[in-house]
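Since the structure comes first, as structure tokens, the remarks are kept for the end.
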Amino acid sequence: MTDKEIKMMGLRDVYGETLVELGKKYKDIVVLDADLSLSTKTSLFGEKFPDRFFNMGVSEQDLMSTAAGLALAGKIPFVSTFAIFATGRAWEQIRQSICYPNLNVKIVASHGGITVGEDGATHQATEDLALMRVLPNMTVIVPADGVETRQVIEAVLHHKGPVYVRLSRPKFPVVLDTNYKFEIGKAKVLREGDDLTIIGMGITVFHSLKAAEELEKDGISAKVINCSTLKPLDKDTIIEAAKQTKAIITVEEHTCLGGLGGAVAEVIVQNFPVRMKILGISNRFGLSGKPDQLLDFFGISWPHIVKAAHKLLK
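Just so we're aligned, residue 192 is where the sequence shown starts under the numbering used here, counting upward by one.
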């Protein structure tokens, strides 16, 4: 996978374009934003369907509560703002007004994780997935690239109930081809292997595949799984991988607490315990820096996955 072969695509750009496409077909779609529509790309929908677009201003609690009301009225609300604001400032409203009554609200948050970059720790949501995963009735999805993002947005439109989709600020490498089929609640094996399994989501899927290529040079066969649906977790695929490879590494652009690693560990320890390593952000806040620099600094880029694999297999 050379640099010349890597195609880059913006997940939030795909989101905005897909919203417009779906808005033409489904008149019940409404879109709400918290004064960040140029960044979240919901402005594309607002330009095309101004009567179905609502800028709620810097008022995230009202954003979520209004979306709940629109869902009760039979609309399909797509709600967007930065991940740190969606999950942090409005957590109570999501819990009480959306998840408790199990309403059909789609929260699609941009600027998730440390790849927000130079904006620094205050704007880097590294706890958002844990906050959303813990809520009953909530479905949690992290697309691996632009190809999957397009399919995710259409899938959550037809899914009944609350959904949290985490998107990112920078463009991501495209790792999936046009034959890829996303299914809510289904992890996808992208590469077969016998020695260990690497499980990623979001940007770490690219790094997991790159690590597997490097490990192959060392005679290590690594299975790679894209676990884009964090909740409900695909337990069967994870247990099967544990039985086949006897060792698992999870990689996430998120705190190690309550995210992908924790979810996989819960399944493994109760069903088929194997050696396991969780790579993520360890009990600290983010930093200001370039996205690639931060992925490397926090130990979730492909060289760190390779190093962890060698250590785990010893």
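For every residue, glycine included, the Cβ atom is placed at its ideal position computed from N, Cα and C.
Please read all numbers here as calculations on a predicted model, not as lab measurements.
Residue i, DSSP secondary structure in three states
i, result
"I411", "coil"
"H501", "helix"
"N462", "helix"
"Y217", "coil"
"R475", "coil"
"H349", "helix"
"F236", "helix"
"H302", "coil"
"T193", "Only weak support is given to the placement of T193: the predicted model assigns it a pLDDT of 49, under 50, and the value that follows is read from those uncertain coordinates. Coil, per DSSP."
"M137", "Here the chain comprises residues numbered 192 to 505, so residue 137 is not present and cannot be evaluated."
"V205", "helix"
"V211", "helix"
"G311", "coil"
"A258", "helix"
"I491", "coil"
"P185", "Outside the shown range of the chain, which is 192 to 505, sits residue 185, and nothing can be said about it."
"K198", "coil"
"V270", "strand"
"V296", "coil"
"L227", "coil"
Proximity winner among the options, relative to residue i (alpha-carbon distances)
i, options, result
"F269", "T231, R286, V396", "T231"
"H204", "E283, L235, V347", "First, the amino acid is wrong: residue 204 is Asp here, not His. Checking every option, the nearest Cα to that of D204 belongs to L235."
"M329", "G214, C290, G303", "C290"
"L485", "E443, L448, A500, G450", "E443"
"K377", "T436, V343, Y355", "V343"
"K297", "I472, V307, T388, S256", "S256"
"F476", "E212, G248, T306, K266", "T306"
"L261", "A456, G279, I440, L223", "L223"
"T441", "E405, S492, D409, K408", "S492"
"N462", "F276, E431, F489, I469", "E431"
"A499", "L448, P482, I411", "I411"
"S288", "D487, E383, P327", "P327"
"R563", "S250, D253, L213", "What is shown of the chain runs 192 to 505, which leaves residue 563 out entirely."
C-beta atoms of residue i and residue j nearer than 8 Å
i, j, result
"F363", "L202", "yes"
"V380", "K414", "yes"
"K347", "V356", "This sequence places Val at residue 347; Lys is not what is there. Yes, Cβ-Cβ distance for V347 and V356 is below 8 Å."
"L322", "F273", "no"
"A508", "L294", "Given a span of 192 to 505 for the chain in the structure shown, any question on residue 508 remains unanswerable."
"D386", "T428", "no"
"V325", "G449", "yes"
"V465", "A433", "yes"
"G237", "P482", "no"
Distance cut-off 7 Å: residue i Cβ against heavy atoms of the ligand FMN
i, result
"T369", "In terms of ligand content, the structure shown is empty, and the ligand FMN therefore cannot be addressed."
* To do: Check whether the stretch 338-356 touches the stretch 366-375, counting contact only when three or more Cβ pairs, one atom from each stretch, lie closer than 8 Å.
  => yes
* Identify every run of the beta strand (DSSP E) within the stretch 354-389, keeping only runs that are complete inside it and at least 3 residues long; order them along the chain. => 354-357, 362-364, 379-382
* **Three or more C-beta pairs below 8 Å linking the stretch 307-316 and the stretch 208-228** => no
* To do: Take every Cβ of the stretch 409-425, pair it with every Cβ of the stretch 444-463, and state whether three or more of those distances are shorter than 8 Å.
  => Judged by Cβ distances under 8 Å, the stretch 409-425 makes contact with the stretch 444-463, as three or more pairs qualify.
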